[in-house]
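Asker: The sequence shown lines up with residues 344 to 421 when you count with the working numbering.
From the three backbone atoms N, C-alpha and C, an ideal C-beta is built for every residue, glycine too.
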Amino acid sequence: MSGHGAKLPRKREQAIAALLAEPTVGAAAGAAGVGYATLRRWLALPEFDAEYRAARLEAVERMLAETPAPAKNGRAGW
Numbered sequence: 344m345s346g347h348g349a350k351l352p353r354k355r356e357q358a359i360a361a362l363l364a365e366p367t368v369g370a371a372a373g374a375a376g377v378g379y380a381t382l383r384r385w386l387a388l389p390e391f392d393a394e395y396r397a398a399r400l401e402a403v404e405r406m407l408a409e410t411p412a413p414a415k416n417g418r419a420g421w
């Protein structure tokens, strides 16, 4: 039984990664190897939604940190 429980967090992590990478919930479900209804159900769970939002915020912050600002390149505008 413990093996099954250990897989669930990994599947949820895969689902969150897929939600960040795929354009739709359906595509994310397929990429994560879970059903569409399952992923929708997970998104309705406050703890899963919080993990997803935190991952999305982290991804956006990382992207912004890696994107050079025009002023850093010595340019005033685009």
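1) Under a Cβ-count criterion, where at least 16 other Cβ atoms within 10 Å of its own Cβ denotes burial, should M344 be classed as buried or exposed?
2) Going by alpha carbons, who is nearest to L363 out of F391, A387, E404 and Y395?
3) Express the C-alpha separation of R355 and A393 in angstroms, rounding to a whole number.
4) Let me check understanding here. Comparing Cα to Cα, which of A358, F391 and R405 lies closest to V377?
5) Less than 7 angstroms between the beta carbons of A316 and A371, yes or no?
Answerer: Straight from the coordinates:
1) Stepping through the sequence shown from its first residue, residue 344 is reached at position 1. Any reading at M344 needs caution, since the residue's pLDDT is 42, under 50, leaving its predicted position unreliable; the model's value is listed next. M344 is exposed by the Cβ-count criterion.
2) Taking the sequence shown and counting its residues from 1, the one referred to as residue 363 is at position 20. Minimum Cα distance to L363 is reached at Y395.
3) Numbered from its first residue, the sequence shown carries residue 393 at position 50. Numbered from its first residue, the sequence shown carries residue 355 at position 12. Each residue's alpha carbon lies about 12 angstroms from the other.
4) Working through the sequence shown from its first residue, we reach residue 377 at position 34. The option with the nearest alpha carbon to V377 is A358.
5) Residue 316 is absent from the model: the chain starts at 344 and stops at 421.
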